[in-house]
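Chains as they are written, first to last, in our numbering: chain G, 4 to 279; chain Y, 48 to 339.
No residue lacks a Cβ here, since even glycine has one placed at the ideal position from N, Cα and C.
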Amino acid sequence: MERQIMTRISSQAEAAAATGIDRHHPQNLVELKNIDKVYPNGTVAVERANLDIAENEFFCFVGPSGCGKSTIFNMITGLTEHTGGELSVLGTESKEARKENEIAFVFQEPTLLPWNNLLENVSLPLKLRKVPKKQRHEEGERVLELVGLKDYTKSLPSQLSGGMKMRVSIARALISRPKLLLMDEPFGALDEFTRQSLQDELLRIWSQDQRMTVLFITHNVFEAVYLSSQVVVMTPSPGRISDVIQIDEPFPRGENFRVAPSFSQYVQSVTSSLEH
Amino acid sequence: MERKQEERVGESLTLPNLSQSKPAVNQRSKMTEFVRRKALQILPSVTLFVVFFGAWELILRLADIAPFIFPKPSDIVVAAQGNWVNLLGAAQATTTGALAGFAISTVLAISMAIILSLSKWIEKSVYPYIVILQTIPIVAVIPIIVIWFGAGIQSIIIVVFLISFFPILTNTLIGLNSTDQNMKNLFYLYNASRFQTIFKLRIPAALPYIVAGLKISCTLAFIGAIVGEYMAGIGGAEGGLGQAITVAATRLETPYLFACGLTASLLSVTVYQIVTKLSERMLSSWHESEMK
Ligand SMILES: Nc1ncnc2c1ncn2[C@@H]1O[C@H](COP(=O)(O)OP(=O)(O)O)[C@@H](O)[C@H]1O
Ligand SMILES: [Mg+2]
Numbered sequence: 004m005e006r007q008i009m010t011r012i013s014s015q016a017e018a019a020a021a022t023g024i025d026r027h028h029p030q031n032l033v034e035l036k037n038i039d040k041v042y043p044n045g046t047v048a049v050e051r052a053n054l055d056i057a058e059n060e061f062f063c064f065v066g067p068s069g070c071g072k073s074t075i076f077n078m079i080t081g082l083t084e085h086t087g088g089e090l091s092v093l094g095t096e097s098k099e100a101r102k103e104n105e106i107a108f109v110f111q112e113p114t115l116l117p118w119n120n121l122l123e124n125v126s127l128p129l130k131l132r133k134v135p136k137k138q139r140h141e142e143g144e145r146v147l148e149l150v151g152l153k154d155y156t157k158s159l160p161s162q163l164s165g166g167m168k169m170r171v172s173i174a175r176a177l178i179s180r181p182k183l184l185l186m187d188e189p190f191g192a193l194d195e196f197t198r199q200s201l202q203d204e205l206l207r208i209w210s211q212d213q214r215m216t217v218l219f220i221t222h223n224v225f226e227a228v229y230l231s232s233q234v235v236v237m238t239p240s241p242g243r244i245s246d247v248i249q250i251d252e253p254f255p256r257g258e259n260f261r262v263a264p265s266f267s268q269y270v271q272s273v274t275s276s277l278e279h
Numbered sequence: 048m049e050r051k052q053e054e055r056v057g058e059s060l061t062l063p064n065l066s067q068s069k070p071a072v073n074q075r076s077k078m079t080e081f082v083r084r085k086a087l088q089i090l091p092s093v094t095l096f097v098v099f100f101g102a103w104e105l106i107l108r109l110a111d112i113a114p115f116i117f118p119k120p121s122d123i124v125v126a127a128q129g130n131w132v133n134l135l136g137a138a139q140a141t142t143t144g145a146l147a148g149f150a151i152s153t154v155l156a157i158s159m160a161i162i163l164s165l166s167k168w169i170e171k172s173v174y175p176y177i178v179i180l181q182t183i184p185i186v187a188v189i190p191i192i193v194i195w196f197g198a199g200i201q202s203i204i205i206v207v208f209l210i211s212f213f214p215i216l217t218n219t220l221i222g223l224n225s226t227d228q229n230m231k232n233l234f235y236l237y238n239a240s241r242f243q244t245i246f247k248l249r250i251p252a253a254l255p256y257i258v259a260g261l262k263i264s265c266t267l268a269f270i271g272a273i274v275g276e277y278m279a280g281i282g283g284a285e286g287g288l289g290q291a292i293t294v295a296a297t298r299l300e301t302p303y304l305f306a307c308g309l310t311a312s313l314l315s316v317t318v319y320q321i322v323t324k325l326s327e328r329m330l331s332s333w334h335e336s337e338m339k
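Right, dumping it as structure tokens:
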């Protein structure tokens with residue numbers, strides 16, 4: 004246990020040295036200051052939310068459905084505007100930030116184009132940016148390899164299982180090497196086995212990257228604890244951030260963590276915080 | 048090699064049980080299976096065809112009805128053989144009119160749907176008028192077309208165009224407007240231009256709808272051509288099936304009239320099949336789930 008903590012500290016220090024960022028005083032990728040969101044129909048979806056999101060973190064947002072998780076994401080991506088407070092994304096407004104191609108998205112549905120093969124599907128973001136074909140296909144092959152689908156470049160989405168489609172969706176998000184990856188209940192529709200193997204893959208990809216921050220929505224407390232460096236606990240009516248719980252467990256994490264006593268302690272503290 | 052396979056097929060057709068019991072003749076039983084399934088597929092329609100025309104022939108023969116009142120299939124065949132050249136010429140003229148009008152309405156309807164879908168505002172203001180236009184009976188419009196454009200192929204093509212335009216337009220519009228919201232969000236979040244969203248997302252996603260519109264319109268095109276010829280056709284050998292039907296009716300050549308009618312439906316069924324096959328091929332690479 005002690006040794007693990009030691010390695011975590013040293014690997015953190017290495018990571019910090021490699022990226023040139025001090026982990027303890029990082030530059031914030033996203034800052035929410037007293038954010039409110041009232042929809043035109045009067046629904047108060049989010050109330051006075053405060054949150055700082057640093058580089059190279061893994062944030063999970065947990066909470067019952069309707070507590071404003073997706074709304075927070077939509078404000079960060081600029082799909083909807085906040086109605087109060089200050090929101091900064093990559094140091095600017097959300098709509099401006101999106102234009103820098105540093106933000107990527109994975110939704111609950113894989114949202115693949117059924118008429119395009121996997122290579123075309125994953126390189127769509129580059130195609131929309133008019134990146135030359137050769138370059139975008141090189142990048143496409145890179146990310147398909149990253150998610151273990153490099154033999155399927157010419158396959159069509161209809162030929163894949165649900166888990167594989169989600170891998171493609173993740174690959175597409177990774178193609179522009181984003182600083183910020185937003186995932187809204189990406190594994191919600193998958194079976195438990197597929198879900199766990201995708202969790203491990205996601206963690207592997209994230210720790211290899213050393214720079215990317217993942218924001219991940221789930222209503223599964225176990226998933227949240229297993230994946231994140233920080234768990235953001237949200238409560239409904241009105242949607243509020245009630246707690247941010249740090250998960251001090253080193254990466255890489257594996258089966259050992261799922262059965263460790265510390266895991267159930269974390270689960271318990273997240274659960275009790277959800278009930279408040 | 049080929050001959051050998053044929054023999055095998057013949058053999059296994061007669062001995063289906065034997066071929067199934069031996070794993071060595073797996074290939075052979077597969078072939079048999081294929082042939083048998085194909086035969087079973089077309090068997091009902093072939094039977095129905097034979098029964099229908101057989102009963103028709105038999106009943107009329109027994110009832111001893113005059114061919115100019117209700118012709119027997121054999122009368123129709125004889126009439127078709129006797130007027131072979133006229134029938135062929137008429138069929139050709141009708142096909143030309145129908146396909147020309149269909150092609151024009153395909154191009155114009157799809158283009159117009161795209162333009163309408165570019166802006167909600169344009170669509171909202173224009174679409175009601177399109178619906179109103181669609182409800183005007185074509186028979187009421189044809190005399191005006193003849194007055195403006197004169198009798199002849201040009202008027203026939205316009206009639207075909209009018210009758211086959213709206214199903215393609217409406218279907219394409221519905222298709223363009225039914226793009227999945229998640230997909231639209233995806234394109235929006237990756238900063239796609241409106242142009243990119245239309246051509247890389249909404250049009251391909253609308254393809255099954257467009258194809259459905261084309262299938263409806265291609266048969267309507269033949270109805271339009273025949274109605275057009277009937278009302279705005281030109282006399283003589285150049286006239287199409289509609290013209291031939293009018294002439295046959297006035298001369299009480301009922302068997303030939305039937306021959307013309309059957310030819311018309313044969314033509315539109317053929318074109319329908321071609322459109323269906325082409326669209327299946329076009330859509331086969333995707334939408335496998337939605338095709339079924
Ligand atoms: N476009 C909208 N208009 C009105 N109310 C909305 C809209 N989107 C979400 N809401 C409401 O806002 C609240 C938060 O929704 P959401 O952020 O989707 O929750 P979550 O993702 O946590 O399930 C819910 O009560 C929901 O009904
Ligand atoms: Mg949600």
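Which of helix, strand or coil does DSSP assign to residue i?
i      : result
G:T221 : strand
G:K102 : coil
G:Q111 : coil
G:V150 : coil
G:E89  : strand
G:C70  : coil
Y:I215 : helix
G:Q30  : coil
Y:A198 : coil
G:N37  : strand
G:V235 : strand
Y:S68  : Low confidence applies here, because Y:S68 scores a pLDDT of 44, under 50, leaving its location unreliable and the question unanswered by this model.
Y:T323 : helix
G:F62  : strand
G:T95  : strand
G:T156 : coil
Y:T244 : helix
G:T83  : coil
G:W118 : coil
Y:A284 : With a pLDDT of 43 at Y:A284, under the threshold of 50, the modelled position of this residue cannot be trusted; read the value that follows with caution. Helix, per DSSP.
Y:C307 : helix
At a CB-CB cut-off below 8 angstroms, which residues of chain Y make contact with residue i?
i     : result
G:E99 : Ordered by position in chain Y, no residue passes the 8 angstroms Cβ test against G:E99, which lies about 11 angstroms from the chain.
Can you check whether the CB of residue j is closer than 8 angstroms to the CB of residue i?
i      : j      : result
G:L32  : G:L185 : no
G:L116 : G:K168 : no
Y:T301 : Y:P114 : yes
Y:L165 : Y:I245 : yes
G:G71  : G:G242 : yes
G:S276 : G:I248 : yes
Y:Y176 : Y:T219 : no
G:S68  : G:G81  : no
In chain Y, what lies closer than 9 angstroms to residue i by C-beta?
i      : result
G:F110 : N229, N232 and L233
G:K102 : N238
G:T114 : D227, N229, M230, N232 and L233
Which chain Y residues sit within Cβ distance under 7 angstroms of residue i?
i     : result
G:T80 : L236
Can you tell me where the alpha helix (DSSP H) with residue i in it begins and where it stops?
i      : result
Y:N232 : Q228 to L236
Y:T141 : W131 to L165
Y:K119 : That residue, Y:K119, is in no alpha helix (DSSP H); it is neither H nor E in DSSP.
G:S164 : Where G:S164 is concerned, there is no enclosing alpha helix (DSSP H), given that its DSSP letter is neither H nor E.
G:K130 : L127 to L131
G:D212 : E195 to D212
G:M215 : That residue, G:M215, is in no alpha helix (DSSP H); it is neither H nor E in DSSP.
G:N259 : E258 to V262
How is the beta strand (DSSP E) around residue i delimited, first residue to last?
i      : result
G:Q249 : R243 to Q249
G:D187 : L183 to D187
G:N53  : V47 to A57
Any heavy atom of ligand 4 closer than 7 angstroms to the CB of residue i?
i      : result
G:T221 : In the structure on display, ligand 4 does not appear, and the ligands it does have are ligand 1 and ligand 2.
Note down, in chain order, all residues in the segment 238-254 of chain Y with a beta-carbon under 7 angstroms from any beta-carbon belonging to chain G. N238, A239, Q243 and P251
Give me the subset of the segment 225-237 of chain Y whose CB atoms are less than 8 angstroms from a CB atom of chain G, sorted by chain position. D227, N229, M230, N232, L233, F234, Y235, L236 and Y237
Between the segment 172-195 of chain G and chain Y, which residues of the former have CB atoms less than 7 angstroms from a CB of the latter, in chain order? none
Going along the chain, which residues of the segment 122-143 of chain G sit with their C-beta nearer than 8 angstroms to a C-beta in chain Y? L127, P128, K130, L131 and R132
Short of 7 angstroms Cβ to Cβ, which residues in the segment 54-76 of chain G face chain Y? none
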